[in-house]
Amino acid sequence: MLNLSVVLDDTARETPDREALVFGDLRLSYAFVNTIANQVANLLRSRGVRPGDKVALACPNVPYFPMVYFGILKAGAVVVPLNVLLKRREIAYHLEDSEAKALFAFEGTPELPLGEASRGAFDDIPGCTDFFVLPATPLATETPHGESFWAALDGQAGAFETARTEATDTAVILYTSGTTGRPKGAELSHQNMLMNAMVCDGMFESDGDDVFLAALPLFHAFGQSVVLNTGFLRQATVVLMPRFEPGAALDLMLAEKVTFFAGVPTMYWGLLTHDGGHTAEQLGQIASALTTASSGGAALPLEVLNRFSERFGVNIVEGYGLSETSPVASFNRPDRPARPGSIGLPIWGVEMKLIEDDWKDAGDGPGEIAIRGHCVMKGYHQRPEATGEAMRDGWFRTGDIARRDEDGYYYIIDRSKDMIIRGGFNVYPREVEEVLMTHPAVSLAAVVGVPSDSHGEEIKAYVIPVFGATTTADELVEWSKENLASYKYPRTIEFRDELPMTATGKILKRELR
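This is the structure we're talking about:
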């Protein structure tokens, strides 16, 4: 038997009174978090959820997330984390595709009406039978959107015997898009996720009393494995931050004496460029507590790495991975010299190589990165053809082009396909294009990434309008905001009479870039 929830169970047993979560004025012990997770497991069991069933969780970085996440796992069910920025029809797609039996959704705020959107999406899916609202008001037993989480837990026991799950059973389904269209669910096993947390544990040089800042969204692979699961494995205190803002992050790092920070490059850029009046003494106190910093999601500019090291006295550990690899597949290990600009070496137990389009070995490259080992997913949920295209003999091809130096360090050169990474989130042009083309004024659309100082890449759409249409670029951007998650919609739209194409009719996006 192996269940990812062991990272909570063991820590709650060994250090029950240690603070597990800090959120505003709330300071919750491991014993408390474990008790609520047990109640969640009992609730699911009472509602007919059985091992192997899927349960969706749409929640930002607030205490509900780990409580529900581990409760689902304890019940032997599969967690389906949803991006909180998804709109109603996107949520409905994920619920239907994953075959979710239940949905836990944060009530949200006027700026993020997640409860309303989730309620509507839930009503659209007949197979999803239970909808639990995680109220924005602490301990609220009534909510206009549906059954309150706290009311549902009333009377549920605080003890639960974790369901028997095997190492190869699916623990989490993380949705990731592709150029072939709609998002696909990467099935990650208990072994995938637990091994990734255990290997990530090796990047730390501290000897206990760790304080992690959870600024990365926990519904994302990076935040989930590197911050939540690794943090709980290390018996750390996890300080929750629902939305990253540089000044607030620095305030939390100062107040809570944060020892570990993980972020995408734009977060490090934000910490360095923020002018919030922090004194040299305060920045020095932050630096004295910080022992480890990790970056992933996109290439980290060398200038940012050097400036952060100078200001905070910590070298950023750069790594690489994807949702399909749990996510960490390589990083610059603390026991080896760091190579700025490199994604480092494969993690323990994992192999990497460079391949040609036909899977033949590409030597030191350039070539496409292929990965094999304990971190690689089982496959895409109900997508055997997509799984077959991406995997062969245990090797997973990533779509990322890299080279390898004489010491085995890998360096990303470019991304095959057309994926855009905006602020650490993957955006796939075809999905955006398909939505744009549902607008009555759009005849054809091509979406590309353009350089952005703040987000790494920004989304731009080239549009051929329907003859006689009168819509403006601003109007189309506003329409896109209503139909796409906030990290996906194009910020710039340029109308054109034609788009560059090959003889076979394929749009030449390299010319548009």
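If you count by the numbering used here, then the sequence shown holds residues 1 to 513, one letter each, in order. Glycine included, every Cβ here is placed at the ideal spot set by N, Cα and C.
Between R397 and A370, the C-beta gap is smaller than 9 Å, which places the two residues in contact. A163 is not a Cβ neighbour of L103, given a cutoff of 9 Å.
The way I'd put it, the stretch 43-61 doesn't touch the stretch 27-34; fewer than three beta-carbon pairs between them come closer than 8 Å.
If you compare the alpha carbons of V79, K257, L228 with that of Y175, the shortest gap goes to V79. Collapsing the DSSP output to three states places F232 in a helix. Segment contact: the stretch 431-450 against the stretch 462-478, three or more CB-CB distances shorter than 8 Å; contact assigned. Where A446 is concerned, the enclosing beta strand (DSSP E) starts and stops at 442-452. The alpha-carbon of A248 is positioned some 12 Å away from that of V239. For the 9 Å CB-CB criterion, A20 and V40 do not form a contact.
The beta carbons of R307 and L254 sit no closer together than 9 Å.
Straight-line measurement puts the Cα of A386 at about 19 Å from the Cα of G321. Contact between the stretch 338-352 and the stretch 152-163 is absent: fewer than 3 CB-CB pairs across the two stretches fall below 8 Å. Residue nearest to Q282 within the set E356, T15, T438, K257 is K257 (criterion: CA-CA distance). Cβ neighbours of L302 within its own chain (closer than 7 Å, five residues either side excluded): P340, G341. For the stretch 323-407, the continuous alpha helix (DSSP H) assignments of 4+ residues that do not extend past its boundaries occur at 384-390, in sequence order. For Y268, the enclosing alpha helix (DSSP H) has its first and last residue at 265-273.
Taken in chain order, the complete alpha helix (DSSP H) segments of 4 residues or longer contained in the stretch 85-121 are 88-98. In the three-state DSSP reduction, P66 falls in the helix class (H, G or I).
By the Cβ-count criterion, I413 is exposed, with fewer than 16 other Cβ atoms from all chains shown falling within 10 Å of its own Cβ. Taken through DSSP and simplified to helix, strand or coil, V133 comes out as strand.
DSSP places A249 in the helix class (H, G or I) of the three-state scheme. As DSSP reads the structure, P81 sits in a beta bridge with L57.
Secondary structure of P217 (DSSP, three-state): coil. Cβ-Cβ separation between A262 and S294: approximately 4 Å, consistent with a contact (criterion under 8 Å). Of all alpha-carbon atoms in T168, G365, K101, Y69, the one lying nearest the alpha-carbon of V49 is that of K101. A Cβ-Cβ distance of about 11 Å is found for the pair V7 and A171, leaving them out of contact under the 8 Å criterion. The beta carbon of P366 is closer than 8 Å to those of L354, I401, A402, R403, I413 in its chain, skipping five residues each way along the sequence.
Counting every other CB atom within 10 Å of its CB across the protein chains shown gives P384 a total below 16, marking it as exposed. For Q224, same chain residues with a beta-carbon under 6 Å away, outside a window of 5 residues either side, are L218 in chain order. For F467, there is no enclosing beta strand (DSSP E), as DSSP marks it with neither H nor E.
Around the C-beta of K360, fewer than 16 other C-beta atoms lie within 10 Å, and the residue is accordingly described as exposed.
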